[in-house]
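Trainee:
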Amino acid sequence: MEDIEFRSAEDIREYQNKRLQEALAYLQGHSPYYQRMFRENGIDIAAIRTIDDLTGLPFTEKKDLQLYNRDFLCVPAEKVVDYITTSGTLGDPVTFGCTDRDLDRLAYNEKKSFACAGVRPGNIVQLMTTLDKRFMAGLAYFLGIRALGASIVRVGNGMPELQWDTITRLRPDTIMCVPSFILRLIEYAEQHGIDYRHSSIRRIIGIGEGLREQDFSLNLLGRRIHEKWDVELYATYSSTEMGATFSECPYGCGGHVHPELIIVEIIGEDNLPVPDGQVGEVVVTTLGVEGMPLLRFRTGDMSSKVTGQCRCGRNSYRLTPIVGRKNNMIKLKGTTIYPPAINDVLDNTPYVVNYVVVVQDSSAGTDEVVVKVGVASTLPFDIVKDLKDRFRSRIRVAPIVEVMSPDDMAKINNPGSNRKPIKFIDRRHHGAAK
12 MEDIEFRSAE
22 DIREYQNKRL
32 QEALAYLQGH
42 SPYYQRMFRE
52 NGIDIAAIRT
62 IDDLTGLPFT
72 EKKDLQLYNR
82 DFLCVPAEKV
92 VDYITTSGTL
102 GDPVTFGCTD
112 RDLDRLAYNE
122 KKSFACAGVR
132 PGNIVQLMTT
142 LDKRFMAGLA
152 YFLGIRALGA
162 SIVRVGNGMP
172 ELQWDTITRL
182 RPDTIMCVPS
192 FILRLIEYAE
202 QHGIDYRHSS
212 IRRIIGIGEG
222 LREQDFSLNL
232 LGRRIHEKWD
242 VELYATYSST
252 EMGATFSECP
262 YGCGGHVHPE
272 LIIVEIIGED
282 NLPVPDGQVG
292 EVVVTTLGVE
302 GMPLLRFRTG
312 DMSSKVTGQC
322 RCGRNSYRLT
332 PIVGRKNNMI
342 KLKGTTIYPP
352 AINDVLDNTP
362 YVVNYVVVVQ
372 DSSAGTDEVV
382 VKVGVASTLP
392 FDIVKDLKDR
402 FRSRIRVAPI
412 VEVMSPDDMA
422 KINNPGSNRK
432 PIKFIDRRHH
442 GAAK
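Under our numbering, the first residue of the sequence shown carries the number 12, and numbering increases by one thereafter.
1. Taking 9 Å as the threshold (C-beta atoms), are L222 and W190 in contact?
2. In three-state DSSP terms, what is K445?
3. What residue does the alpha helix (DSSP H) around K74 start on, and which one ends it?
4. Could you tell me the distance, in whole angstroms, from the CA atom of D281 to the CA atom of V164?
5. In its own chain, which residues sit with a C-beta less than 7 Å from the C-beta of D251, not counting the 5 before and 5 after it?
6. Quick check on the DSSP output: the alpha helix (DSSP H) that includes Q289 runs from which residue to which?
7. Can you tell me whether A409 is helix, strand or coil according to DSSP?
8. Given a cut-off of 9 Å, decide if E276 and V293 are closer than it, judged by their beta-carbon atoms.
9. Quick one, are the C-beta atoms of T185 and V136 less than 9 Å apart?
10. Going by DSSP in three states, R439 sits in which element: helix, strand or coil?
11. Quick check on this structure: which residue in D378, P43, F17 has the alpha carbon closest to the alpha carbon of P304?
12. Quick check on this structure: which residue in G219, I216, L196 has the alpha carbon closest to the alpha carbon of S210?
13. Using the Cα positions of V380 and D400, report the straight-line distance between them to the nearest angstrom.
14. Between I62 and R24, how many whole angstroms is the CB-CB distance? I'm expecting something under 8 Å.
15. What are the boundary residues of the beta strand (DSSP E) that R309 is part of?
16. Considering Cα atoms alone, identify which of T177, I411, E259, G254 is closest to L150.
17. Can you name, in chain order, every residue of its own chain whose Cβ lies under 6 Å from the Cβ of K342, other than the five neighbours on each side?
18. Quick one: which unbroken alpha helix (DSSP H) runs of 4-plus residues sit fully inside the stretch 19–53? Chain order, please.
19. Report all residues from its chain with a CB closer than 7 Å to the CB of I54; omit the five preceding and five following residues, and keep chain order.
20. If we ignore side chains and look at the alpha-carbon of each, how far apart do A88 and Y37 end up?
21. Quick one, which of E13, T296, I236, R131 has its alpha-carbon nearest P361's?
22. Relative to the C-alpha of I212, which candidate in H203, L181, N230, D226 has its C-alpha closest?
23. Using a threshold of 9 Å, state whether the C-beta atoms of L272 and G299 are closer than that.
24. Alpha helix (DSSP H) containing R116: first to last residue?
25. Who are the near neighbours of K344 in its chain, counting only those whose CB is closer than 6 Å to its CB and skipping five residues on each side?
26. Does the distance from the CB of Y248 to the CB of C323 come in under 9 Å?
27. When the distance is taken between beta carbons, is G265 closer than 9 Å to F227?
28. Please report the residue range of the alpha helix (DSSP H) in which E276 lies.
29. Out of I59, E72, M48, which has the shortest C-alpha to C-alpha gap to R309?
30. Going by C-alpha to C-alpha distance, which of P183, R30, V370 sits closest to N339?
31. For S258, name the three-state secondary structure that DSSP assigns.
32. Grouping DSSP H, G and I as helix and E and B as strand, with all else coil, what is F70?
33. Cα-Cα, which of L35, P171, L229, R214 is closest to Q202?
34. Can you tell me whether Q320 is helix, strand or coil according to DSSP?
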């Protein structure tokens with residue numbers, strides 16, 4: 012059967028319209044939360060025939076999942092075979108219950124995503140992500156690689172010495188990890204005489220951090236990796252809530268949607284769809300989820316749709332690299348920026364060991380940005396001035412810079428209760444740690 016992604020845009024749209032009707036009927040029949048939402052808003056799901064009709068439905072937000080978590084479950088508890096939680100970067104973590112069918116869907120999603128990135132049966136993929144701590148992604152990657160017929164090496168995150176020992180022993184050709192960790196791998200290799208440029212690695216698939224600009228050229232992090240290590244770089248975008256992955260193909264022109272798994276809207280400040288190519292908030296409706304499907308879930312991520320056939324032959328729309336999170340937008344000295352732009356500068360400053368970006372209200376009622384950086388040793392130049400110059404050349408404005416020891420910074424990054432290191436703290440009247 013032909014992959015729906017290679018069908019015409021019209022066929023894909025008609026296919027998604029049909030899947031949407033199926034998803035609405037399932038929610039009406041099984042979801043306590045959505046049954047109540049349909050009833051209280053006087054919604055007749057029979058009137059929702061196409062994706063365009065979605066604008067007549069309320070959004071689902073993170074706070075709804077936090078307040079009414081159990082009401083989203085559409086199956087008896089005994090049908091749940093795996094419980095996972097979100098990382099809690101936007102507040103309290105949210106629990107999701109996955110059925111057998113949901114795990115099969117995850118495997119299918121990642122099988123397609125890895126294949127999109129060029130992974131084939133016979134390849135060996137080294138997973139530098141955790142499979143424990145109620146984390147969906149690591150489990151999904153494992154299931155997808157297994158379904159694809161490639162080989163898996165489960166090493167986990169961190170531990171450069173063990174990562175290189177594994178690469179030397181098992182000769183994987185693909186790495187999957189957070190892109191900034193690659194710089195640590197390279198640094199470790201250079202310090203220990205490892206000829207990483209001639210290792211078995213040919214492909215790196217990044218998660219959790221961007222590698223490209225909106226025009227699909229490599230960003231600072233991507234360029235720094237590529238200058239050091241001539242390997243293929245692939246970026247992905249995913250989240251626990253949507254249970255789907257947008258992966259780049261070898262042409263690197265956006266993350267491809269899997270139309271059978273998810274419907275994506277891009278909305279503007281007026282909560283209405285924006286024209287294709289315009290940046291807005293990513294809103295998703297999951298398809299084929301049995302345990303906890305979601306309808307019009309606001310991700311908070313800012314991106315845009317790319318339409319038209321990709322050079323790989325797929326006609327499914329793509330998403331541009333994530334610009335940032337809507338709630339994290341910063342107005343610094345009249346310039347609108349998102350934390351990833353600040354992170355990009357810091358991740359590519361060699362002497363910065365670790366850091367945190369703090370945003371707070373100023374006495375003038377504007378955003379004040381303080382960048383705290385961990386620096387290992389005294390340097391023969393003005394660190395604050397150098398960093399401000401780097402910021403100005405990259406984002407045109409410079410935040411306040413404070414220099415600390417890496418150990419003190421590590422205590423802020425890793426307070427012990429978070430699954431992900433804290434790199435962004437929002438102290439504005441509406442904010443919270445990220």
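Don't be surprised by glycine CBs; every beta carbon is placed ideally from N, CA and C.
Note that the structure is predicted; figures quoted are calculated from it, not measured.
Mentor: In brief:
1. The sequence given here has Pro at residue 190, not Trp. Cβ distance < 9 Å, so P190 and L222 count as in contact.
2. For K445, the pLDDT reaches just 47, beneath the cut-off of 50, and the residue's location in the model is therefore unreliable, although a value from the coordinates is still provided. In the structure shown, K445 sits in coil (DSSP, three-state: anything other than H, G, I, E or B).
3. Residues 73–78.
4. Spanning the two alpha carbons is a distance of roughly 46 Å.
5. In the sequence as presented, Asp is not what sits at residue 251; that position holds Thr. Contacts found: I95, T97, F107, M147.
6. Careful: Q289 lies outside any alpha helix (DSSP H) and carries neither H nor E.
7. In the structure shown, A409 adopts coil according to DSSP, grouped into three states.
8. yes
9. Cβ distance < 9 Å, so T185 and V136 count as in contact.
10. coil
11. Of D378, P43, F17, the residue nearest in Cα terms is P43.
12. It is L196 whose Cα lies nearest to the Cα of S210.
13. 15 Å
14. About 7 Å separates the two Cβ atoms, so the contact holds.
15. R309: member of the beta strand (DSSP E) spanning 308–314, first to last residue.
16. G254
17. D378
18. 20–41, 43–51
19. Excluding five sequence positions before and after I54, the CB atoms of its chain that fall closer than 7 Å to its own CB belong to L68, given in chain order.
20. 17 Å
21. I236
22. Selected option, being the one with the closest Cα: L181.
23. yes
24. 111–127
25. V408
26. Taking 9 Å as the Cβ cut-off, Y248 and C323 do not qualify as a contacting pair.
27. yes
28. Counting along the chain, E276 falls outside any alpha helix (DSSP H), though it belongs to the beta strand (DSSP E) covering 273–278.
29. Here the closest residue by C-alpha is E72.
30. Looking at the Cα atoms, V370 is the closest of the given residues.
31. strand
32. The answer is coil: DSSP assigns F70 none of H, G, I, E or B.
33. P171
34. coil
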